[in-house]
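A short write-up of the structure that comes next.
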Amino acid sequence: MRLTVNGDPMELPAPTTLAELAARLELGGQRVAFEVNGTIVPRSQRDAHALRDGDKVEVVSAIGGG
Amino acid sequence: MSDNMKGVPRADKPLVIAGKTYRSRLLTGTGKYASHEETRLATEAAGAEIVTVAIRRSNIGQDKGQPNLLDVLPPSKYTILPNTAGCYTADDAVRTCRLARELLDGATLVKLEVLGDPKTLFPDVEQTLVATRTLVAEGFEVMVYTNDDPIIAKRLEELGVVAVMPLAAPIGSGLGIRNSYNILTIVENAKVPVLVDAGVGTASDAAVAMELGCDGVLMNTAIAAAGDPVRMARAMRLAVEAGREAWLAGRMPRRRYASASSPNEGLSF
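If you read the sequences in order, they're chains W and C.
The first sequence runs 1 to 66 under the working numbering.
The second sequence runs 1001 to 1269 under the working numbering.
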């Protein structure tokens, strides 16, 4: 299945959960927030959240800023 | 000395933002530093307890092993104040705040800024008011960046923000307080903390903000873009403390003509 992650296309085997995507991106242990198709998916629901073909995923972090 | 030659001291009161008491009245940004280590050292030298951070797309597949900013400035030690820098609409700012709340385990304190124009980075006041209403309704505790307009500052306070943060001058300009009488009016009217946010250039600017009665100062570029950021961070800490002390002490009234400091009695000629 084909996803868009932070604006870039990504091919992943189906089925994949959001937690599996986080692990694949090596973000599993990091402090990040996920949005799928414009809706925030809480950390507690990453394991249960199955991704679908065409999903748009945004993943954000805190960085330096003023 | 007659009474009208003396200033009037003021009672100290702690800085309380969203129910939490802070000792430091200097809040710092975390952008524009050469490294995470410089950020950490400058933040410590500033004595900051509240640090603002930006929310951006995570780098995927890049900089692996690079420490996360929140490892350097851990939420267990600092109050992390996510900001909506870079947002030009209320919708984008609200979305950023929701992401920040998820990122920070439900923390609701945010620094709202909705910008109107990339050249000046002046706030879009209309969109700021729209975003404020939504965020307050959703339970966020909003520290709001605004311009030095006392009417809008009051309106934002009435909408339920936890702090009003007027600019001294454009973000990153280092021009200092351009409209001190407006800042003074905002301070006099406010029942929530007023912090000057943006435009401070050097220590005297921070001291002036505090001498006007501001509850604190938030700055980033003035420290990060100094030749020696860690030393400037210390200078800013001292300036904020000095300005606060001077405001509490109550400065002497200005006089047009001289007033001798030594007594005229007992002259030996």
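The beta carbon of each residue, even a glycine, is placed where N, CA and C say it ideally should be.
From the DSSP output, in three-state form, read off residue i for me.
i	result
Asn1147 (chain C)	coil
Thr1120 (chain C)	coil
Pro1229 (chain C)	helix
Gly1243 (chain C)	helix
Asp1012 (chain C)	coil
Glu58 (chain W)	strand
Arg24 (chain W)	helix
Met1236 (chain C)	helix
Tyr1181 (chain C)	helix
Val32 (chain W)	coil
Glu1038 (chain C)	helix
Asn37 (chain W)	coil
For residue i, go through chain C and note every residue whose CB falls closer than 7 Å to its CB, in chain order.
i	result
Pro9 (chain W)	Going along chain C, no residue has its Cβ under 7 Å from Pro9 (chain W), so there is no contact; the nearest lies around 12 Å.
Gln30 (chain W)	Asn1068
Leu25 (chain W)	Ile1060
From the DSSP output, read off the bridge partner residues of residue i.
i	result
Met1219 (chain C)	C:Thr1028
Ile1060 (chain C)	According to DSSP, which records beta bridges pairwise, Ile1060 (chain C) is partnered with nothing at all.
Asp1197 (chain C)	C:Leu1218
Glu11 (chain W)	W:Arg2
Quick one: which chain W residues come within Cβ less than 9 Å of residue i?
i	result
Ala1054 (chain C)	Ala62, Ile63, Gly64, Gly65 and Gly66
Thr1120 (chain C)	Here the premise fails: no neighbours, minimum Cβ distance about 16 Å.
Arg1237 (chain C)	Within 9 Å Cβ-Cβ: nothing; Arg1237 (chain C) doesn't reach chain W, min ~17 Å.
Thr1030 (chain C)	Ala62, Ile63, Gly64, Gly65 and Gly66
Thr1221 (chain C)	Gly66
Find the residues of chain W that neighbour residue i, judging by a C-beta separation of less than 7 Å, and give them in chain order.
i	result
Pro1082 (chain C)	Ala62
Leu1099 (chain C)	Ala33, Glu35, Ile40 and Val60
Tyr1033 (chain C)	Gly64
Arg1040 (chain C)	In chain order: nothing, as chain W lies at least about 11 Å away.
Going along chain C, which residues have a C-beta under 8 Å from residue i?
i	result
Pro42 (chain W)	Glu1102
Val5 (chain W)	Ile1060
On a CA-only basis, which of the options is nearest residue i? Give me that one, please.
i	options	result
Pro1193 (chain C)	C:Ala1225, C:Val1142 and C:Gly1250	C:Val1142
Ala14 (chain W)	W:Ile40, W:Pro42, W:Asp55 and W:Asn37	W:Asp55
Gly1174 (chain C)	C:Met1210, C:Pro1263 and C:Thr1202	C:Thr1202
Ala50 (chain W)	W:Leu3, W:Gln30, W:Val5 and W:Leu18	W:Leu18
Thr1120 (chain C)	C:Arg1056, C:Glu1245, C:Gly1172 and C:Ala1011	C:Gly1172
Gly1213 (chain C)	C:Leu1195, C:Ala1224, C:Ala1225 and C:Thr1221	C:Leu1195
Leu1015 (chain C)	C:Phe1269, C:Ser1076 and C:Met1210	C:Met1210
Arg1155 (chain C)	C:Val1130, C:Ile1223 and C:Gly1139	C:Val1130
Pro1150 (chain C)	C:Ser1035, C:Ala1190, C:Tyr1078 and C:Ile1080	C:Ala1190
Against residue i, what residues of chain C qualify as contacts under a CB-to-CB distance less than 9 Å, listed in chain order?
i	result
Ala50 (chain W)	Under the 9 Å cutoff, chain C gives no residues; its nearest Cβ is about 19 Å from Ala50 (chain W).
ask   = Taking contact to mean at least 3 C-beta pairs separated by less than 8 Å, is the stretch 1032 to 1048 of chain C in contact with the stretch 1009 to 1020 of chain C?
value = no
Query - Three-pair Cβ contact test at 8 Å for the stretch 1206 to 1214 of chain C versus the stretch 1235 to 1245 of chain C - result: yes
Answer yes if the stretch 1126 to 1145 of chain C comes into contact with the stretch 1155 to 1170 of chain C, meaning at least three C-beta pairs across the two stretches below 8 Å, and no otherwise. yes
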